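To convert, count from 1 in the sequence shown and add 344; that's the working numbering.
One structure below.
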Amino acid sequence: MTGMAIFSIVNLATILLFMGIGIYSFVLFVKLAKRGIKALDIYISKNKED
345 MTGMAIFSIV NLATILLFMG IGIYSFVLFV KLAKRGIKAL DIYISKNKED
């Protein structure tokens, strides 16, 4: 029975770790997307034909 409890704790810790990595990756992706949009806006405004 003790072995099953240790496996359950390890499994829960692994799931929480991957969920944390996933959330952190999503936050980094959103920051990158915002920076890319800002860079694209600057590029478009510099290369606009008036």
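Even for Gly, the Cβ is constructed at its ideal location relative to N, Cα and C.
The structure displayed is predicted, hence computed values, not measured ones.
Secondary structure of residue i, DSSP reduced to three states
i	result
residue 355	helix
residue 375	helix
residue 392	coil
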